[in-house]
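Asker:
Number of protein chains: 2
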Amino acid sequence: MMVPRPPTVVIQNVTPLIDGGRYPVKRCIGEDLTIEADVFKDGHDEVSAVLKWRKSGEARWHETPMLPVPNGQDRWKGTAAFFGAGFYELTIEGWGDTFRTWQHEFHAKVAAQQSDLTSETLEGAQFIERAAALADGEDATRLRAFAAEIRSGFPMEVDDLAHSPELEALMASYSDRREATEFTLNSAELIAFVDLPGGAFGERPLDPPSPAAKAKTGKRKEAREAVGVQPSAALDDPRYNPTYPRVWLDRELAGNAAWYEFFPRSAAGTGERGSTFRECLPRLDDAKAMGFDVVYFPPIHPVGVTARKGRNNSVNCEPGEPGVPYAIGNRHQKCPNGGGHKDVAPELGTLGDFEWLVKQASDRGLEVALDFAINCSPDHPYVEAHPEWFYQRPDGTIKYAENPPKKYQDVYPLNFHNPNWRVLWDELTSVVEFWCDHGVRIFRVDNPHTKPVAFWEYLITRVQRRWPGAMFLSEAFTKPKMMRALAKAGYTQSYTYFTWRNTKVSLTEYFTELCHSDAAEVMRPNLFANTPDILPSYLQYGGRPAFIVRAVLAATLAPVYGIYSGFELCENEGLWKSGVDPAQDVRRFLHLCDTDYKVLAKEEYLDSEKYQWKDRDWEKPGNIKDTITRLNGARRENRALQQLRNLHFGRADNDLVLYYLKVTPARDNILLMVVNLDVWHTQDAIVEVPLELLRLAPDEPYEVEDLLSDERYRWHGRRNFVRLDPQRSPAHVFRLHRQTNRTTR
Amino acid sequence: MMVPRPPTVVIQNVTPLIDGGRYPVKRCIGEDLTIEADVFKDGHDEVSAVLKWRKSGEARWHETPMLPVPNGQDRWKGTAAFFGAGFYELTIEGWGDTFRTWQHEFHAKVAAQQSDLTSETLEGAQFIERAAALADGEDATRLRAFAAEIRSGFPMEVDDLAHSPELEALMASYSDRREATEFTLNSAELIAFVDLPGGAFGERPLDPPSPAAKAKTGKRKEAREAVGVQPSAALDDPRYNPTYPRVWLDRELAGNAAWYEFFPRSAAGTGERGSTFRECLPRLDDAKAMGFDVVYFPPIHPVGVTARKGRNNSVNCEPGEPGVPYAIGNRHQKCPNGGGHKDVAPELGTLGDFEWLVKQASDRGLEVALDFAINCSPDHPYVEAHPEWFYQRPDGTIKYAENPPKKYQDVYPLNFHNPNWRVLWDELTSVVEFWCDHGVRIFRVDNPHTKPVAFWEYLITRVQRRWPGAMFLSEAFTKPKMMRALAKAGYTQSYTYFTWRNTKVSLTEYFTELCHSDAAEVMRPNLFANTPDILPSYLQYGGRPAFIVRAVLAATLAPVYGIYSGFELCENEGLWKSGVDPAQDVRRFLHLCDTDYKVLAKEEYLDSEKYQWKDRDWEKPGNIKDTITRLNGARRENRALQQLRNLHFGRADNDLVLYYLKVTPARDNILLMVVNLDVWHTQDAIVEVPLELLRLAPDEPYEVEDLLSDERYRWHGRRNFVRLDPQRSPAHVFRLHRQTNRTTR
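Going down the list, the sequences are from chains A and B.
Using my numbering, you'd call the opening residue of the first sequence number 1 and step up by one each time.
Using my numbering, you'd call the opening residue of the second sequence number 1 and step up by one each time.
Following this line, the structure appears as structure tokens:
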């Protein structure tokens with residue numbers, strides 16, 4: 001533990017740092033984190049700095065040297081790599097480097113031909129001897145040898161020795177950090193500590209507290225209160241407790257995954273009756289064959305009967321209709337845990353059947369994600385057991401959900417700030433814990449923005465403490481600040497506005513924000529191309545080519561994406577659709593999809609399986625399962641597609657052609673995506689290849705291979721021609737092959 | 001005190017907030033502080049928010065409503081006003097406004113002609129009854145009357161009543177804030193608190209601690225350590241201690257003052273002998289007559305004799321030469337306090353004489369600023385009493401200052417991190433306290449960037465706790481980040497790069513940064529036009545017109561500025577000067593002054609009074625005392641010139657003409673400055689008057705009055721012509737007069 005004392009070095013403006021360190025930065029295993037900071041010192045001393053990190057709770061730091069950013073004006077940079085999901089603490093340690101300062105000053109004096117450098121020579125030798133004392137074995141021997149040589153050297157010799165790379169390396173390894181300063185979030189307390197009135201000077205209250213020191217604490221507190229000083233941890237406790245910026249590290253799947261959503265009750269593809277968990281294997285096999293990583297089920301719990309909705313959201317439900325899985329809870333059904341969130345709907349099977357299905361998925365390399373929807377039907381056991389958790393009318397009855405003038409009589413909202421809130425928060429958390437105990441680690445959370453952000457911070461923190469691999473996907477289609485707040489509070493991933501970004505301008509703007517702003521440090525986009533609630537106009541009108549375009553965009557713009565089943569079959573029958581002919585004015589149509597899609601079409605599916613069992617031919621002709629399989633294969637084989645912050649938009653001279661690149665830091669995996677957003681007409685474009693970025697020489701030929709069609713093109717230089725026929729191939733996913741080491745004509 | 005519990009409302013991205021709240025924002029008396037923040041809540045509730053502030057140590061908050069920023073996407077804004085120098089705490093309180101939410105929902109239901117609103121009506125009445133219970137007197141009566149009317153009203157009537165301005169105002173005054181959330185810097189602790197493992201749920205540890213609760217704390221701590229939870233104040237103490245952002249409020253002089261620097265020993269203007277404090281009255285009278293607020297003295301302490309420097313920084317000092325006042329300390333002189341920083345040089349007089357002079361200044365409305373230069377001559381009493389405070393050579397002798405290959409044998413630098421640092425820090429602070437006890441409140445600090453930033457934070461905090469009006473001017477001509485770090489650590493004002501900003505482009509860029517970036521929240525520029533160390537090339541070459549130009553810029557670009565005596569006499573003899581003829585290529589010359597002035601001239605004065613007594617005719621012909629008097633008068637009479645953040649650069653179509661405006665928020669005081677930077681040639685320009693900014697109609701005539709010449713011009717519309725002859729008047733300081741309510745031809 002470092003002795004608390006005032007800083008010697010100034011370390012400020014650390015980036016990334018979310019809300020002054022209030023929230024952790026997010027990374028997942030395999031992702032580096034580059035930290036920058038201003039590090040400087042008073043006077044003329046040379047400064048050195050290291051970046052340090054450790055798993056929370058561990059004592060030992062890992063560290064790596066920080067380097068000055070070229071022309072950075074005291075800006076330093078270092079990169080940390082992490083192993084093992086969980087919280088990490090991070091700091092920067094900087095110090096005035098006595099050896100390097102001496103080295104520079106000695107050289108200046110030699111260069112100025114100063115006469116007597118005896119004292120300076122001795123000083124240098126002493127610095128090296130001190131390093132030798134810190135070192136062991138061969139290092140110590142070498143350092144002692146250097147010290148001896150310097151001690152007896154002439155100034156010119158000393159100056160040469162001082163700059164020998166071996167000595168420099170050794171001195172960097174054993175540098176004198178007795179006066180080093182760590183960056184902490186509560187460094188103000190250090191000053192408060194020095195500033196302690198009433199005789200603190202000359203004392204040494206920074207050592208581990210003796211019984212006597214403990215007795216003094218009380219007195220100091222009184223003295224402090226007498227002069228109106230704010231209390232601080234450093235003052236209350238002779239040992240200063242530094243607070244460090246934190247990093248939350250997720251497992252790899254959090255940052256790189258393809259999701260496939262289906263309703264288990266529709267797995268068999270017949271509208272006659274509901275399927276069971278035991279009938280879901282063909283869906284798993286299909287998802288696996290297409291290359292997905294996660295299969296996500298909408299709620300699987302007992303469905304309420306009071307005010308149950310019928311087909312197409314009808315308020316009249318015919319007998320035998322299955323109801324909406326989001327109206328959760330039926331205490332009238334026979335279930336082991338009361339018929340609420342800790343049970344599966346008996347019509348799907350038993351908890352045992354569910355566990356069997358999770359195992360089957362796992363055997364195929366798939367993970368199951370569950371929906372966590374805090375919706376209680378009037379039949380939910382909570383309603384009976386804890387009426388105080390709900391909102392009540394003046395007459396004592398429980399309020400159903402409303403967004404006036406709309407009414408949702410089949411759902412009772414919870415009051416998260418009711419007087420018995422602690423028990424409610426605990427119970428809801430225990431629901432997630434229950435499913436973790438049954439093998440689930442991924443939760444897609446329904447409408448988190450209608451529950452307190454603080455509740456999510458509490459729940460996610462508590463669950464991830466036991467299961468650091470637990471993941472939470474926020475389904476918050478709401479205002480950007482709330483989406484970011486949920487991400488900061490702990491959500492692993494977030495749905496985005498992707499479905500409503502259809503023009504080149506809006507896609508470019510939005511993905512620049514998602515991948516390159518502060519948001520990218522905490523919020524991981526999961527690009528669902530459709531959901532049971534969202535059948536975008538672009539898909540409704542554009543048909544099969546539109547499905548391919550959106551699949552390519554979703555799968556390559558970000559490393560996490562998903563589709564809701566039926567997408568691969570190009571299901572695009574909406575509940576209602578206007579008479580617009582998009583092919584007449586494609587630009588205006590795309591713009592409408594972006595900004596005012598409601599004038600075009602409602603986004604609800606016709607005969608949505610939210611309300612009914614669904615007839616489906618899972619091998620329907622015209623399906624795009626092959627394209628999706630190729631996309632998922634490309635994602636798996638190309639590391640550039642597995643990263644978020646490596647997206648670059650390129651220039652294409654046609655505003656209906658979107659062109660972007662994904663590139664690994666070493667430039668050893670380069671993908672170029674060219675997408676024709678106009679699914680009704682063929683479009684041409686000259687695309688500019690950023691040779692400098694890719695480290696290609698201007699005259700270096702290279703090949704691009706379309707991973708969707710296996711076609712290869714020999715390209716050359718900066719400008720290359722592309723033609724995209726939406727019926728044949730609306731998009732290219734090119735992998736670039738360098739031609740170095742080959743003879744070219 | 002608010003009960004700690006998880007937040008209901010999200011309050012984030014508070015601005016300004018310096019380093020996440022680590023440092024206070026600075027304001028001075030009379031300056032408002034506008035705070036913005038994102039404030040939002042889960043669900044559909046209406047949100048309300050107030051900005052709150054209080055003097056640190058006081059219990060009661062002042063508050064003002066915050067308003068949503070138009071199109072601000074959940075951004076809110078409020079303005080605080082402060083009284084009395086010292087620290088303030090500041091927070092934002094937000095809450096889901098049950099009444100306003102009810103009001104909106106009720107209206108939506110009435111509009112949708114929902115049938116039975118009995119329950120909703122009752123609910124509304126209950127909200128109002130609750131407000132009535134919080135209110136007294138007439139307010140309570142009125143609220144009860146509203147509640148009764150609503151209780152018995154038909155829906156349409158209720159809806160009307162609910163929107164009555166009187167009820168809205170009353171409900172805003174007595175809003176239900178039981179579930180309000182405050183913004184704090186340590187809100188993470190609230191979550192940690194909820195998250196307490198081991199049976200915390202259902203307990204109510206948030207009440208004032210009972211003896212039983214105190215006994216429990218120990219157990220909880222054990223439980224926490226068992227699961228590896230980080231300790232936090234909220235967990236250690238059942239009462240959560242919120243930490244709020246802080247504001248440091250200075251007295252008015254900190255933000256608006258004109259400084260005049262002179263050496264007391266040269267006050268009489270004779271090179272034969274040194275003057276005394278008792279001979280300084282004519283200087284005070286002159287400074288007062290010119291309109292200055294602060295007179296600043298370079299060090300007045302005993303001057304060292306060892307290695308004393310002679311005229312023009314000669315290493316050979318003739319007997320009788322006075323030495324450099326910055327080589328402080330002479331224990332061989334007879335002084336009451338040992339001859340160091342707590343004594344005045346006997347040749348200037350006694351401490352009593354000094355106190356007399358401070359009183360004389362005060363009687364004239366002037367304040368004395370002292371130099372705090374932590375330089376110790378080899379003769380300083382510290383050297384003998386505390387050799388451990390200094391750097392030592394391997395042979396045990398004390399090191400003099402060096403910046404290799406330069407040597408400063410007359411000064412010993414202090415080692416601020418020596419093992420006995422606490423005693424050193426305390427002693428140096430006591431120096432400032434000593435002079436505060438002798439009536440001084442303003443300290444100009446020499447080279448603070450060569451001492452630890454933490455030391456300054458400590459010293460300034462400690463001094464300002466006893467003397468909240470104490471002010472510190474940082475003389476840090478160093479890298480921008482260090483300058484800002486010193487400002488954040490507590491410096492009231494800072495010297496700037498102003499003397500090296502001479503072109504239109506560089507002045508515009510630099511003052512945009514100083515007045516409109518984050519820096520402006522903590523760093524107050526003090527624009528010295530010259531100093532004993534800096535006689536800028538522009539003044540050396542430009543002569544009298546250049547002195548006027550720089551005086552106008554210094555006095556009007558920022559509300560705090562200063563000159564070093566001799567400036568008003570246009571003293572411009574440098575120690576050395578190149579043969580450049582600036583009039584040949586004015587643009588290049590100005591640029592050289594900005595970026596590479598050293599090719600033009602050294603900035604040292606010839607026969608600088610740093611090293612000798614100075615012959616001077618304080619009424620030297622050609623002096624610009626009248627211009628300076630007019631500038632200081634204009635500053636005093638025009639509030640727009642007394643503010644920092646109200647600077648706007650205007651457009652002038654000549655790159656040698658700088659044009660800028662200073663405007664009060666109410667637009668009732670508008671100044672337009674037009675400056676010819678070319679002091680060799682007459683320059684013309686069309687200047688654009690930003691009519692919208694000034695709230696002038698396009699056809700509204702107006703007059704501008706030159707406060708330097710009393711000339712008046714009738715101007716019209718946006719574009720107006722200006723001609724500036726450097727010999728006659730190189731600059732205009734126009735006050736704009738509206739012509740409303742006058743008959744114009």
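We treat Cβ as the ideally placed atom computed from N, Cα and C, and that holds for glycine.
Helix or strand or just coil, what does DSSP make of Lys399/B?
Answerer: coil
Asker: Which of the residues in the segment 491–510 of chain B, read from start to end, lie with their CB under 7 Å from any CB of chain A?
Answerer: none
Asker: Using Cβ-Cβ distances below 9 Å, what residues of the segment 17–47 of chain B are close to chain A?
Answerer: Leu17, Asp19, Gly20, Gly21, Arg22, Tyr23, Asp38, Phe40, Lys41, Asp42, Gly43, His44
Asker: Restricting to Cα atoms, I'd like to know which of Gly365/B, Val69/B, Lys52/B, His449/B is closest to Phe40/A.
Answerer: His449/B
Asker: Can at least three beta-carbon pairs, one atom from the segment 5–24 of chain B and one from the segment 85–101 of chain B, be found at a separation below 8 Å?
Answerer: yes
Asker: Taking only the alpha-carbon atoms, compute the straight-line gap between Leu17/B and Val247/B and give it to the nearest angstrom.
Answerer: A straight-line Cα-Cα distance of about 10 Å links Leu17/B and Val247/B.
Asker: Could you pull out every residue in the same chain whose Cβ sits closer than 6 Å to the Cβ of Arg292/A, ignoring the five residues on either side in sequence?
Answerer: A small fix is needed here, since residue 292/A is Phe in this sequence, not Arg. If we look at Phe292/A and ignore the five residues flanking it on each side, its Cβ neighbours are Ala258, Tyr260.
Asker: Out of Gly124/A, Pro701/A, Ala454/A, Ser506/A, which one is the CA nearest neighbour of Tyr491/A?
Answerer: Ala454/A
Asker: Using 8 Å as the threshold, is the segment 547–559 of chain A in touch with the segment 525–532 of chain A, meaning 3 or more CB pairs across them?
Answerer: With a cut-off of 8 Å, the segment 525–532 of chain A and the segment 547–559 of chain A count as touching, because enough Cβ pairs lie within range.
Asker: Buried or exposed: where does Gln643/A fall if 16 or more other Cβ atoms within 10 Å of its Cβ makes it buried?
Answerer: buried
Asker: Taking 8 Å as the threshold, find out whether the segment 136–156 of chain B comes into contact with the segment 116–127 of chain B through three or more Cβ pairs.
Answerer: A contact is defined here as three or more CB-CB pairs under 8 Å, and the segment 136–156 of chain B meets this definition with respect to the segment 116–127 of chain B.
Asker: Give the straight-line distance between the Cα atoms of His341/A and Arg441/A, rounded to the nearest whole angstrom.
Answerer: 16 Å
Asker: Output, in chain order, the set of chain B residues within a Cβ distance shorter than 7 Å of Ala188/A.
Answerer: Arg22
Asker: Leaving out five residues before and five after Phe443/B in sequence, what residues of the same chain have Cβ atoms less than 8 Å from its Cβ?
Answerer: Ala369, Leu370, Asp371, Phe372, Val432, Trp435, Ala470, Met471, Phe472, Leu473
Asker: Do Leu117/B and Pro751/B have their beta-carbon atoms positioned less than 8 Å apart in this structure?
Answerer: Outside the modelled stretch of chain B, which goes from 1 to 745, sits residue 751/B, for which no answer is possible.
Asker: Since I believe Glu619/B is in contact with Met290/B (beta carbons under 8 Å), could you give me their beta-carbon distance rounded to a whole number of angstroms?
Answerer: That belief does not hold up - the Cβ atoms of Met290/B and Glu619/B are roughly 12 Å apart, past 8 Å.
Asker: Residues in its own chain within less than 7 Å of Lys309/B by CB, not counting five upstream and five downstream?
Answerer: Val315, Cys317, Gly323, Val324, Asp410, Tyr611
Asker: Please state whether DSSP places Met171/A in a helix, a strand or coil.
Answerer: helix
Asker: Please confirm whether Tyr240/B has its beta-carbon closer than 8 Å to some beta-carbon of chain A.
Answerer: no
Asker: Determine the closest residue to Ser119/A out of Trp456/B, Lys481/B, Ile398/B, Asp655/B, with distance taken between C-alpha atoms.
Answerer: Ile398/B
Asker: Which of helix, strand or coil does DSSP assign to Gly310/A?
Answerer: strand
Asker: Against chain B, which members of the segment 103–118 of chain A pass a CB distance test of less than 7 Å?
Answerer: Answer set for the segment 103–118 of chain A: Glu105, Ala108, Lys109, Ala112, Gln114.
Asker: Start and end of the beta strand (DSSP E) containing Trp356/A?
Answerer: Per DSSP, Trp356/A lies in no beta strand (DSSP E) segment; the continuous alpha helix (DSSP H) that holds it begins and ends at 351–363.
Asker: Counting only beta-carbon separations shorter than 8 Å, does Phe201/A have a partner in chain B?
Answerer: Note that Phe201/A scores 33 on pLDDT, short of 50, meaning its location in the model is unreliable and no value can be drawn from it.
Asker: Which term fits Gln73/A, buried or exposed, when burial requires 16 or more other beta carbons within 10 angstroms of its beta carbon?
Answerer: Result: exposed.
Asker: Could you tell me the distance, in whole angstroms, from the CA atom of Val551/A to the CA atom of Tyr564/A?
Answerer: Note on residue identity: the sequence assigns Ala, not Val, to residue 551/A. Those two C-alpha atoms are separated by around 11 Å.
Asker: Suppose you measure from the CA of Leu281/B to the CA of Asp585/B; what does that come to, to the nearest Å?
Answerer: Taking the straight line joining both Cα atoms gives about 45 Å.
Asker: Using three-state DSSP, classify Asp533/B as helix, strand or coil.
Answerer: coil
Asker: Based on the DSSP secondary-structure assignment, which residues constitute the bridge partners of Arg27/B?
Answerer: Leu249/B
Asker: Does DSSP classify Gln683/A as helix, strand or coil?
Answerer: In the structure shown, Gln683/A sits in a strand (DSSP, three-state: E or B).
Asker: Considering Cα atoms alone, identify which of Arg738/A, Arg462/A, Asp710/A, His681/A is closest to Gly86/A.
Answerer: Closest option to Gly86/A, Cα to Cα, is Arg462/A.
Asker: Look at the Cβ atom of Gly304/A, then the Cβ atom of Ala327/A, and state whether they are nearer than 8 Å.
Answerer: yes
Asker: How long is the line joining the alpha carbons of Gly198/B and Asp426/A, rounded to whole angstroms?
Answerer: Below a pLDDT of 50, predicted positions are generally treated as unreliable, and Gly198/B, at 39, falls in that range; the measurement from the model is reported next regardless. A direct Cα-Cα distance of roughly 12 Å separates Gly198/B from Asp426/A.
Asker: Based on the DSSP output, what are the partners of Phe87/B in its beta bridges?
Answerer: Trp248/B
Asker: Can you tell which of Ile300/A, Gly339/A, Asn337/A, Arg273/A has its C-alpha closest to the C-alpha of Pro319/A?
Answerer: Minimum Cα-Cα distance from Pro319/A among the listed residues Ile300/A, Gly339/A, Asn337/A, Arg273/A corresponds to Arg273/A.
Asker: Using C-beta distances below 6 Å, list every residue in its chain close to Val229/B, excluding the 5 sequence neighbours before and after it, in chain order.
Answerer: Any answer about Val229/B is weak, because its pLDDT of 32 lies below 50 and its placement is not dependable; what the coordinates show is given next. So the list is empty, once near-sequence residues are dropped.
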